[in-house]
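Here's the structure, in structure tokens; my notes come after.
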Amino acid sequence: MDQQEFGRYVLGLMDEEEAEETTGPIEEDMYYGYFQIYMPSGNGLEATFTPLEDGDVYLKRILPIYEMLDPQDFQGEGMPGYFNGKSDHVSEKELKDLGKSHILGLKQLMEDHAELEEAVEASTYLGSIREVEIVSGSEMEKIRQEYDPVVHESLFELISEHTDDNEPVHVLSEAYYSIACDYWISYYLQWHRYGLDGDPLAAYFELYRLGYSAIFANGKLYIGKP
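84 is the number that numbering that gives the first Met the number 0 gives to position 85 of the sequence shown; each next residue is one higher, with no gaps.
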């Protein structure tokens, strides 16, 4: 099954009539918000990945985003448009430990790909970070405007180098991004397809699952509620 065939198959899961009437090429933006269709339980999602040879890997990776949802949030008229993590209480120590794991995971990834100039710069930057700081949500908004771009740019380049734009699952790129409007969450959920070692974004995903985000800025890693 090629990318267009897979895209048309998934479109049929969304709206069978629309799939039959769509005659032009299948575009990635047609699937923005696709995974939200299966909120909150994730029931039926497995059909999405059935045609893929390694579909079980993609399914296993994405199911936790449904497990973190609270069904009560979907009982009223206004329902969440994104997958938002939350938790009752997380200790500062646990958050800082996750932050340190996040730094170490990314640093190892960059060191493994020292052939890329951007990766060397990112590794040096990550090695210079000595503090993980927990801040309030209002502070995170300000810090977000001051973020240090080197790690983001390096990770983007590395992922791009290992992305096959023609493989079937690529048509769901916008669907993955729209889960949290966060490229790093998208990368984490598709990590299998890049063929890269380790799981360097696991700590970042865990922070997200707990309702927190992490930002590199001013030579530190800041963690807070988005």
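Note that CB positions come from ideal geometry on N, CA and C, so glycine has one too.
Being a predicted model, the structure only gives us computed values, none of them experimental.
Find the nearest neighbour of residue i within the set the options, judged by alpha-carbon distance.
i: Ile184; options: Tyr37, Val9, Leu94 and Ile158; result: Ile158
i: Tyr65; options: Ser122, Thr21, Arg208 and Trp190; result: Arg208
i: Arg129; options: Gly80, Ala174, Glu114 and Ala216; result: Ala216
i: Pro199; options: Met109, Tyr81, Asp181 and Pro70; result: Met109
i: Tyr203; options: Tyr221, Tyr193 and Gly194; result: Tyr221
i: His151; options: Tyr81, Pro39 and Ile102; result: Ile102
i: Asn165; options: Glu20, Ile25 and Glu15; result: Ile25
i: Val119; options: Ser153, Val89, His88 and Lys141; result: Ser153
i: Met38; options: Glu19, Gln71 and Glu20; result: Gln71
i: Val149; options: Tyr124, Met139 and Val131; result: Tyr124
i: Gly32; options: Asp87, Asp163, Ser90 and Leu171; result: Leu171
i: Ile133; options: Ile214, Glu16 and Ser100; result: Ile214
i: Tyr57; options: Gly210, Tyr193 and Asp147; result: Tyr193
i: Glu138; options: Glu15, Tyr211, Glu76 and Lys99; result: Tyr211
Can you pull the DSSP bridge partners for residue i?
i: Ser185; result: Ser185 is not bridged to any residue.
i: Tyr146; result: Ala216
i: Val89; result: For Val89, which the question treats as bridged, DSSP gives no partner whatsoever.
i: Val131; result: Leu220
Buried or exposed: which applies to residue i, given that a residue is buried once 16 or more other Cβ atoms fall within 10 Å of its Cβ?
i: Asp28; result: exposed
i: Gly126; result: exposed
i: Gln144; result: exposed
i: Gly43; result: exposed
i: Pro79; result: exposed
i: Phe5; result: buried
i: His161; result: exposed
i: Phe73; result: exposed
i: Glu19; result: exposed
i: Tyr30; result: buried
i: Ser122; result: buried
i: Lys167; result: As written in the sequence, residue 167 is Pro, which differs from the Lys given in the question. The residue is buried, with at least 16 neighbouring Cβ atoms inside 10 Å.
i: Glu205; result: buried
i: Asp112; result: Checking the displayed sequence, the identity of residue 112 turns out to be His instead of Asp. That one is buried.
i: Gln3; result: exposed
i: Asp181; result: buried
i: Leu97; result: buried
By the three-class DSSP mapping on this structure, what secondary structure does residue i have?
i: Phe73; result: helix
i: Ser212; result: strand
i: Tyr221; result: strand
i: Ile61; result: helix
i: Asp111; result: helix
i: Met29; result: helix
i: Gly41; result: coil
i: Phe34; result: helix
i: Glu138; result: helix
i: Ile102; result: helix
i: Ile178; result: coil
i: Leu51; result: coil
i: Pro79; result: coil
i: Thr22; result: coil
Could you check how far apart the C-beta atoms of residue i and residue j are, in whole angstroms? I think they sit under 8 Å.
i: Phe227; j: Gly41; result: Residue 227 is absent from the structure shown; the chain starts at 0 and stops at 225.
i: Phe34; j: Ala174; result: 6 Å
i: Pro50; j: Met0; result: 5 Å
With a cut-off of 9 Å, does the C-beta of residue i fall near any C-beta of chain D?
i: Gln3; result: Absent from the structure: chain D. Only one protein chain is present.
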